[in-house]
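See below for the structure under consideration.
Numbering (the numbering used here), first residue to last: 276 to 561.
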């Protein structure tokens with residue numbers, strides 16, 4: 276048994292190492308599959324997305340790494356694509372033309388600030404608070420609902436293969452309690468998104484990026500039972516920005532998923548994602 280990871284970032288965006296360093300770590304960890312999913316370019320400055328003039332180099336290097344991968348390790352080529360209505364999304368023609376193995380779709384931006392800048396929900400707590408005040412007149416519930424509305428819109432307009440960190444907006448509650456994650460309205464937003472993902476047959480990642488530092492997952496383990504009961508397709512991803520984080524939290528998530536009733540994860544099978552049984556030790560690839 277061994278693990279996979281389909282969501283990871285190298286030095287072409289905000290990751291910290293060259294692709295080969297991640298491959299070496301994958302071999303060290305005896306992984307079966309590693310996917311590179313750098314942040315796709317956007318037509319404005321972000322601080323984390325890949326510059327547009329580096330995209331061809333990225334695709335070429337991942338192709339080279341794929342060709343040189345040792346037997347037993349599959350290397351996949353992907354992008355994490357932001358959904359911004361009218362600007363970018365998983366079904367954008369430029370993305371569809373790249374010949375990617377799969378696409379991770381995420382929402383990092385929610386509407387615009389009065390100065391015209393796109394409001395990121397994935398930066399500092401102060402920027403998060405600014406957007407709530409300036410765009411939503413201080414109504415945090417409206418801001419959160421808009422975030423989930425955009426994710427549902429992404430799934431309706433052109434679903435990604437994997438839905439990325441679908442409740443990441445709650446990361447700000449770790450700094451300041453902006454809203455209660457047990458409120459009925461919030462749980463309904465999460466569940467409506469997860470149910471739509473199940474209907475669209477989109478794989479929902481359990482993102483472990485914050486596990487080592489904060490001990491949490493995206494989506495929260497509070498929703499694992501709902502996901503199982505509603506037939507949500509699940510995989511485990513680390514969103515690694517460093518090679519050593521490739522499998523962070525995997526065993527812990529696997530244990531929680533098994534307790535929730537899951538018996539299979541959705542994994543890459545040559546040209547699509549298919550269900551495979553798993554344990555706390557890894558995935559059964561047979």
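Glycine included, each C-beta is placed from N, C-alpha and C at the ideal position. Everything numeric in this text was worked out from a predicted model, so none of it was measured.
DSSP beta-bridge partners of residue i
| i | result |
| --- | --- |
| residue 551 | 540 |
| residue 355 | 314 and 379 |
| residue 438 | 380 and 479 |
| residue 515 | 283 |
| residue 508 | 478 |
| residue 363 | 359 |
Contact check, residue i vs residue j, beta carbons under 8 Å
| i | j | result |
| --- | --- | --- |
| residue 277 | residue 365 | no |
| residue 298 | residue 350 | yes |
| residue 425 | residue 382 | yes |
| residue 478 | residue 548 | yes |
| residue 545 | residue 486 | no |
| residue 482 | residue 493 | yes |
| residue 532 | residue 507 | no |
| residue 281 | residue 407 | no |
Inter-residue Cα distance where the pair is residue i and residue j
| i | j | result |
| --- | --- | --- |
| residue 309 | residue 284 | 11 Å |
| residue 475 | residue 543 | 18 Å |
| residue 528 | residue 307 | 18 Å |
| residue 361 | residue 318 | 12 Å |
| residue 429 | residue 404 | 24 Å |
| residue 556 | residue 418 | 39 Å |
Buried versus exposed call for residue i [16 or more other C-beta atoms within 10 Å across all chains shown]
| i | result |
| --- | --- |
| residue 458 | exposed |
| residue 451 | exposed |
| residue 445 | buried |
| residue 432 | exposed |
| residue 368 | exposed |
| residue 442 | buried |
Original post:
On the three-pair Cβ rule with 8 Å, is the stretch 385-398 touching the stretch 325-341?
Top reply: no
**OP:** Taking 8 Å as the threshold, find out whether the stretch 489-503 comes into contact with the stretch 461-473 through three or more Cβ pairs.
**Re:** yes
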